[in-house]
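First the structure, in the form of structure tokens, and then the observations on it.
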Amino acid sequence: MAQIWSPYGWDFHHELAIAGNLYVFDPKSLHQIMVKDQHIFEETDSMIRGTRVSFGEGILSSVGEQHRKQRKMLNPVFSVAHLRHMVPLFFGLQGVLESKVQNGPQEVDMLLWMTRTALELVGQAGLGHSFDSLVDDTIPPYIQSIKAFGITMHRMALPAQYVLPWASQIGSPKFRRFIVNMLPWKDLHTGRDIIDMMYSTAVHIYNTKKAALESGDEAVSQQISQGKDIISILMKDNDNASSADRLSEVEILGQEKPKLPHRPT
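Oh and the sequence shown: position 186 is 186 in full-length UniProt numbering, straight run, nothing missing.
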């Protein structure tokens with residue numbers, strides 16, 4: 001502590017405007033913050049609100065009791081017993097990629113095809129939904145738009161950090177949408193359209209899975225993942241949970257949206 005506050009020690013402290021930051025790189029301190037006492041050291045308000053605006057009421061944007069309840073529901077979903085069922089999906093996509101390489105040009109854009117394959121793996125294993133057939137060189141419009149999400153959000157990072165925490169509390173969602181539509185800011189409108197697309201896609205996937213679960217095991221087995229993807233398992237477990245632990249539809253949609261393919265890595 002003496003080193004932190006010493007004017008001759010490391011330059012730990014950085015400030016921008018009225019906000020102060022403390023940069024920590026000691027492994028023991030990081031373990032305390034990130035693992036042991038992560039319930040105490042929450043993300044910044046701008047981070048939580050930005051994630052909530054982008055992805056909804058999921059585990060990435062929840063704190064306190066809501067976060068604990070969501071973790072309790074999600075932890076069993078990521079057990080080895082469930083994850084091992086994803087291996088056949090991986091091998092299935094491997095076969096599609098192999099046939100493309102064998103029958104296609106001798107020169108292959110590895111970054112492009114690995115990106116498309118990774119995004120499709122996330123779609124099938126995480127959501128039980130196919131976004132890209134990988135059978136031709138045409139990238140689906142959804143994937144093209146969603147890949148721009150990270151770039152757009154990066155360009156808006158600074159205003160989001162300092163404006164979003166208080167702007168997200170002004171008026172109703174309808175009023176805030178009106179303001180967003182009125183502002184002459186291209187990146188903001190691009191981000192709005194991508195978030196709308198992710199939401200409508202998440203709702204479509206949720207409704208499809210809900211209808212399949214209500215129709216019985218045969219309908220579930222007809223899905224691309226045969227009901228063994230992360231969201232299908234979560235929805236089954238959630239239906240069997242007690243009323244105190246059960247997640248709302250909004251919270252389940254909040255788990256879906258971060259798993260939608262939106263990163264080109």
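Backbone N, C-alpha and C define an ideal beta-carbon position, used for all residues, glycine too.
Treat the numbers as computed from the prediction; the structure is a model and nothing was measured.
If you follow the alpha helix (DSSP H) that alanine 167 is in, where does it begin and where does it stop?
157-167
Quick check on this structure: which residue in Ile170, Asp187, Asp196, Ser243 has the alpha carbon closest to the alpha carbon of methionine 153?
Of the candidates Ile170, Asp187, Asp196, Ser243, the one whose C-alpha sits nearest the C-alpha of methionine 153 is Asp187.
Which ranges would you report for the alpha helix (DSSP H) in the region 52-81 if only whole runs of at least 4 residues count?
Runs of the alpha helix (DSSP H) inside the region 52-81: 64-74.
I think methionine 182 touches lysine 210, with their Cβ atoms under 8 Å apart; what is that distance to the nearest whole Å?
That belief does not hold up - the Cβ atoms of methionine 182 and lysine 210 are roughly 36 Å apart, past 8 Å.
For the putative contact between asparagine 238 and methionine 73, defined by C-beta atoms under 8 Å, what is the C-beta separation to the nearest angstrom?
6 Å
Just the Cα atoms here: how many angstroms apart are serine 130 and aspartate 26?
42 Å
Anyone know if the C-beta pair for serine 168 and valine 96 falls short of 8 Å?
No, they are not a contact pair.
Could you say which of Tyr162, Pro141, Ile139 lies nearest to glycine 50 if we only look at CA atoms?
Tyr162
Which residue's Cα is closest to the Cα of leucine 119: Glu249, Leu89, Gly56?
In terms of Cα proximity to leucine 119, the closest of Glu249, Leu89, Gly56 is Leu89.
Using the three-state DSSP reduction, which class does leucine 22 fall into: helix, strand or coil?
strand
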